[in-house]
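Numbering (UniProt numbering), first residue to last: 1 to 817.
Structure below.
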């Protein structure tokens, strides 16, 4: 029996090649889109699950409420971790990890000079991290690898980069040019579904040895500074809520009493690190569960559109097989047998679509990786025990859902009625359902078009929004973890003179407009510190403000505008140690009525006393996700780590080559690693750019599937109306009149679909826009344009088939009847 069903299904598939192609193509595209997104979603949901103790690992998030922050920081003060085990019996162990991008040198065999590498993912960590995380040691002993000071564990990737096939154990790496470290272990690289990717891990105590004396004295006891990631392993069966409930008492005991009430610690489970965390300053950019839901919704919509195509075409085509059904019933076929036969045909088509989609996944996977910034491969599909069965299950379910109504619809035909050729009631029932499903399909397409237009408009708005400073033709060079305290300690220091000479040499090149130093380039935020304005006490003003360490010409280099006072100047000796620039937002934050009123007022920035000499016009020192906050600038040579070099528009690459040569001459201990500021600022919206492209691509796919389905549906409908069209032509109907008659129903459907889709799309996109502090208003023309585009595409598709049908000779069409 099954073999017979399969044989008949295959024969019908070959007899109706056009119908079969449209159905298979539409379902293939729908399944491919669904499967690709399922790959991405599965990958996102699998983050960090390779750790054996995944369900017991937590990170302490730190919310300094006295700083005015509403979102916690993933970084905590250094003293917290060593005190946990003694104060919380629920804690089995804990460890700190401090990320310290650095220049690392190695002297390879046969080379006279060290080879330098820039290590972005260099961490200092307590040895307990090796028992909390599941590190797979390829070489070395995990129990002793971080026991000794100046011991370092490297990833397999780093070991290959430094030593090739040579055994790295016992080899020496030089950290920041003067701290030799011995390699004691090689670990397997963490997979890409990890929230952290350590390439080098050194003993945490080594970090203190690399700092200056002031830092060594302060860091171990500082309960304010956000510094290290603190990971906690709870004992089995203990709930994090008990630890969270006792954190306030813990802080009152160990932290400064004046700030303990303004600090909040919470344990965040590892399962939330990637998708549900609101913490700032995470080791790597986190994902978003909202985006996962959006992607899943898009996948569902695309698959729904493909299934609707299937149902509509199958029900329309089933009317042409009515006599076949009637004959089969007369010959003794039961209803369940007819249902099985038509479901079998549907499942055969879905199986062919499944095979086609698996092939197409391999072709389109690089596109998905580009859109999502992932590195997914087909091996991931084979490794995951759930994915392939899920794919097959979705394909089968799509086939069943797409085929079940047509199967019941066809099996319900009465043999006497169908053999006579009069089954208008069946046509009416099928026509109403097809119209309803087509309306849903069009509404889904309109919603995707609206989404694509809104995301494009918002990102264009962000790109064109004035930031309040110059960002074009500025390159930034990060000196990473260089100990600036030793380099720029005073104006008489030889290294500082080296910097001044370097600047003078660069400015001799007419293509170099200016060069300045800071601890961060503009647009990337600032380090928040406690600031006490004049007239307040430390106890009254537990408020953090972003601090930017700069040199004298920073504001001029970036084109910042003054609204009161003056800029920093080397002509004023006090500017180097006791002067501040603030922005207009800081004036409001500190309660002064006008910018002029702030001039001459005193500030205490964590012990540094000084006067405000100027107020800058507000500018965006962080992404447009956040509003403009208060900002304080001060000259602080020990903190200057980032060069900003402003170039003239001509001969940019030649100028960069010149700068590279001078850099290697003046700073041979550091690599010249530069970035264009405008490109770095654009990367702040990289995730939303990818979302916009994804929605646009899927909108195109949805329209393509809809058009093909509509094309096939109109083709079947016009075939059913061949006699009517012929009679109308004989009675004098024109071709435009016939086209209008065949098309008018679709205009109403598009309008209804637009009414349904618009409020839903508005709500969804408005939710997305709430993540931005600066955003567009969703204009009416976006909905109108989406509706018009859909209407235009629909009419073109319908008209093509309608014109073709209207041009048929009426004698021929009537003879065929």
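All C-beta atoms in this analysis are idealised placements derived from N, C-alpha and C, irrespective of residue type, glycine included.
Which same chain residues end up closer than 7 Å to residue i when comparing Cβ atoms and leaving out the 5 residues on each side of it in sequence?
i           : result
residue 750 : 442, 787, 790, 791, 794
residue 116 : 103, 105, 671
residue 650 : 511
residue 25  : 708
residue 119 : 101, 102, 104, 199, 200
residue 574 : none
residue 657 : none
residue 806 : 725, 735, 738, 739
residue 693 : 371
residue 569 : 552, 575
residue 827 : In the structure as shown, the chain starts at 1 and stops at 817, and residue 827 therefore has no counterpart that could be examined.
Whose CA, out of the options, lies closest to the CA of residue i?
i           : options            : result
residue 225 : 504, 235, 255      : 255
residue 478 : 80, 57, 103        : 103
residue 818 : 534, 568, 736, 525 : Past the boundaries of the shown model lies residue 818; the chain is included only from 1 to 817, so the question cannot be answered.
residue 42  : 728, 184, 387      : 387
residue 160 : 277, 189, 521, 233 : 189
residue 596 : 629, 562, 573      : 562
residue 607 : 680, 657, 677, 530 : 530
residue 591 : 309, 536, 127      : 536
residue 280 : 464, 544, 396, 62  : 62
residue 206 : 148, 231, 197      : 148
residue 745 : 776, 764, 710      : 710
residue 220 : 133, 246, 285, 79  : 79
residue 715 : 799, 680, 769      : 799
residue 555 : 545, 566, 546      : 566
residue 86  : 180, 177, 70, 250  : 250
residue 134 : 55, 176, 553, 645  : 55
residue 572 : 588, 583, 635      : 635
residue 123 : 88, 152, 137, 132  : 152
Short of 8 Å in beta carbon distance, which residues of its chain neighbour residue i, apart from the five on each side in sequence? Order them along the chain.
i           : result
residue 803 : 735, 739
residue 782 : 450, 453, 454, 457
residue 168 : 139, 154, 159, 162, 183, 186
residue 808 : 722, 725, 726
residue 179 : 150, 206, 209, 210
Go through its chain and collect everything with a Cβ distance to residue i's Cβ below 6 Å, but skip five positions before and after it.
i           : result
residue 560 : 469, 616
residue 622 : 525
residue 142 : 130
residue 550 : 518, 633
residue 687 : none
residue 347 : 399
Taking 9 Å as the threshold (C-beta atoms), are residue j and residue i in contact?
i           : j           : result
residue 742 : residue 438 : no
residue 98  : residue 228 : yes
residue 532 : residue 603 : yes
residue 522 : residue 401 : no
residue 203 : residue 125 : yes
residue 581 : residue 628 : no
residue 394 : residue 40  : no
residue 502 : residue 662 : yes
residue 196 : residue 77  : no
residue 60  : residue 266 : yes
residue 509 : residue 655 : yes
residue 440 : residue 304 : yes
residue 680 : residue 476 : yes
residue 594 : residue 564 : yes
residue 81  : residue 290 : no
residue 630 : residue 586 : yes
residue 646 : residue 473 : yes
residue 706 : residue 349 : no
I'd like to know if residue i contacts chain D, where contact means its C-beta is closer than 9 Å to some C-beta of that chain.
i           : result
residue 633 : Chain labels in this structure do not include chain D; a single protein chain is all it has.
Quick one: is the Cβ of residue i within less than 8 Å of any heavy atom of the ligand FMN?
i          : result
residue 44 : This structure simply doesn't include the ligand FMN, nor any ligand for that matter.
Quiz item: Taking three-plus beta-carbon pairs below 8 Å as touching, is the stretch 346-356 in contact with the stretch 24-33?
Solution: yes
Exercise. Answer yes if the stretch 697-705 comes into contact with the stretch 442-458, meaning at least three C-beta pairs across the two stretches below 8 Å, and no otherwise.
Key: yes
Quiz item: Is there contact here, the stretch 217-237 with the stretch 44-51, by at least three beta-carbon pairs under 8 Å?
Solution: no
Quiz prompt | the stretch 239-255 in contact with the stretch 271-278 per 3-pair CB rule at 8 Å | solution = no
Exercise. Kindly provide the ranges of any alpha helix (DSSP H) runs that are 4 or more residues long and lie completely inside the stretch 159-210, ordered along the chain.
Key: 204-210
Exercise. With a floor of 4 residues, list each alpha helix (DSSP H) that falls wholly inside the stretch 74-141, ordered by position along the chain.
Key: 80-87, 129-132
Practice problem: Taking only runs that begin and end inside the stretch 269-295, name each unbroken alpha helix (DSSP H) of 4 or more residues, in chain order. | Solution: none
Practice problem: May I ask you to verify whether the stretch 81-94 touches the stretch 292-300, counting CB pairs closer than 8 Å and requiring at least 3? | Solution: no
Exercise. Entirely within the stretch 650-733 and at least 4 residues each: give me those alpha helix (DSSP H) ranges in chain order.
Key: 652-666, 677-682, 686-720, 722-730
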